[in-house]
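Numbering (this note's numbering), first residue to last: 1493 to 1812.
Every residue gets a Cβ at the ideal spot worked out from N, C-alpha and C, and that includes glycine.
These figures come from a predicted structure and were not determined experimentally.
Right, one structure below, let's go through it.
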């Protein structure tokens, strides 16, 4: 027995990896999908050629469903068109739902922060909505807590639309709570940052492990290349960057050469970044207290699903 979401997208478990630009890799996406969830590539600001290469690399690692997320603020329409031709699941975020961006041949979702935005996504032709609570890490569209938003969205969108809960999903208890609130699946970000397959810098992961649920804050501190966009990060990152130099490190550019990381730069540090990692954009949701070590993504999926059979309908496969 599956949920609206799993039956719609073709995965077996109600777990979706957040489409985290710079952090998700083909290896992470494939690992989540191979474990039964839905792995999501992230378009970021990449063009169609780069995205197609990412899709090809991921498909070499899994034959299970995968999807991709786009940020409307930086949308490359050629890349979106290419993704629609290649992938069954497309997700959009950070822009009012627009029917002109929704290809009804595919399963299209929209990440929302309000009930009105959820209704607009359904009206635009989306088949699922991601209800993002204010507890979520990364860029935050939400205005209220997940426990308030999910049931309100569930009631507003009707029985034919899948609802995915996002924000502070760190444990199996969190999964059970979200499903009990009316969600059909959960979207997980920070826990997948701290996986062996993610591109996150080791120091970034180390700081996640050292931090607790109360060590994040909603901020607009990391604004360079994306101003006026609230985001949840580690409080320590805001403090470390506050009075620092204008350049905090080096990162690889599109041509492979290293370039400066300006203070308050929007992108999170990957393994290839150097410099003062503590002062970079260390996005983190309020579920980071569950992060104890950098582990394989399949282990995260298994931990999140532990004991959830009664509320999700998932039955463990003894052959896994």
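Check: Evaluate residue 1772 with the Cβ neighbour count: other Cβ atoms within 10 Å of its Cβ, from every protein chain shown; 16 or more gives buried, anything less gives exposed.; Outcome: buried
Check: Quick check on DSSP: helix, strand or coil for residue 1760?; Outcome: coil
Check: By DSSP, does residue 1636 sit in helix, in strand, or in coil?; Outcome: coil
Check: For residue 1620, report the span of its beta strand (DSSP E) as first-last.; Outcome: 1620-1624
Check: Specify the secondary structure class of residue 1673 as computed by DSSP and reduced to three states.; Outcome: coil
Check: Residue 1582 bridges to which residues according to DSSP?; Outcome: 1560 and 1600
Check: Taking contact to mean at least 3 C-beta pairs separated by less than 8 Å, is the segment 1782-1794 in contact with the segment 1707-1724?; Outcome: no
Check: Roughly how many whole angstroms lie between the Cα atoms of residue 1538 and residue 1544?; Outcome: 10 Å
Check: Can you give me the C-alpha to C-alpha distance between residue 1524 and residue 1634, rounded to a whole angstrom?; Outcome: 25 Å
Check: Less than 8 Å between the CB atoms is what I'm expecting for residue 1583 and residue 1561, so what's the real figure, rounded?; Outcome: 4 Å
Check: Take the Cβ of residue 1518 as the centre, count every other Cβ of all protein chains shown within 10 Å, and call the residue buried at 16 or more, exposed below.; Outcome: buried
Check: Could you work out which residue in 1680, 1698, 1627 and 1622 is closest to residue 1674 when comparing CA atoms only?; Outcome: 1622
Check: Would you kindly work out how many angstroms separate the C-alpha atoms of residue 1780 and residue 1701, rounded to a whole number?; Outcome: 7 Å
Check: Does the segment 1722-1729 come close enough to the segment 1546-1563 that 3 or more CB-CB pairs lie under 8 Å?; Outcome: no
Check: Secondary structure at residue 1554, three-state DSSP: helix, strand or coil?; Outcome: coil
Check: Looking at the secondary structure, which residues open and close the beta strand (DSSP E) in which residue 1708 lies?; Outcome: 1708-1711
Check: For residue 1657, tell me which candidate among 1643, 1613 and 1650 has the shortest Cα-Cα distance.; Outcome: 1643
Check: So what's residue 1778 in DSSP terms, helix, strand or just coil?; Outcome: coil
Check: If you reduce the DSSP assignment to three classes, tell me which class residue 1537 lands in.; Outcome: coil
Check: Does the separation of the CB atoms of residue 1607 and residue 1620 fall below 8 Å?; Outcome: no
Check: Identify the residues that DSSP records as bridge partners of residue 1531: which are they?; Outcome: 1558
Check: Just to confirm my understanding: we take residue 1686, look at its own chain, exclude 5 residues before and 5 after, and list those with CB closer than 6 Å. What are they?; Outcome: 1697, 1700, 1783 and 1786
Check: For residue 1774, collect the residues of the same chain with a Cβ closer than 8 Å to its Cβ; drop the 5 residues on either side in sequence, then sort them by chain order.; Outcome: 1696, 1699, 1700, 1725, 1726, 1728, 1729, 1760 and 1761
Check: Taking 8 Å as the threshold (C-beta atoms), are residue 1677 and residue 1497 in contact?; Outcome: yes
Check: Just to confirm, are residue 1765 and residue 1741 a CB contact at a threshold of 8 Å?; Outcome: yes
Check: Start and end of the alpha helix (DSSP H) containing residue 1496?; Outcome: 1496-1501
Check: Which residue from 1568, 1580, 1573 and 1756 puts its Cα closest to that of residue 1499?; Outcome: 1580
Check: Do residue 1757 and residue 1716 have their C-beta atoms closer together than 8 Å?; Outcome: yes
Check: May I ask you to report which of helix, strand or coil DSSP gives residue 1793?; Outcome: helix
Check: Between the beta-carbon of residue 1659 and the beta-carbon of residue 1603, is there less than 8 Å?; Outcome: no
Check: Does DSSP classify residue 1663 as helix, strand or coil?; Outcome: coil
Check: Is the beta carbon of residue 1813 sitting closer than 8 Å to the one on residue 1530?; Outcome: Because the chain is modelled from 1493 through 1812, residue 1813 falls outside the range shown and cannot be assessed.
Check: Whose C-alpha, out of 1769, 1594, 1797 and 1609, is nearest the C-alpha of residue 1693?; Outcome: 1769
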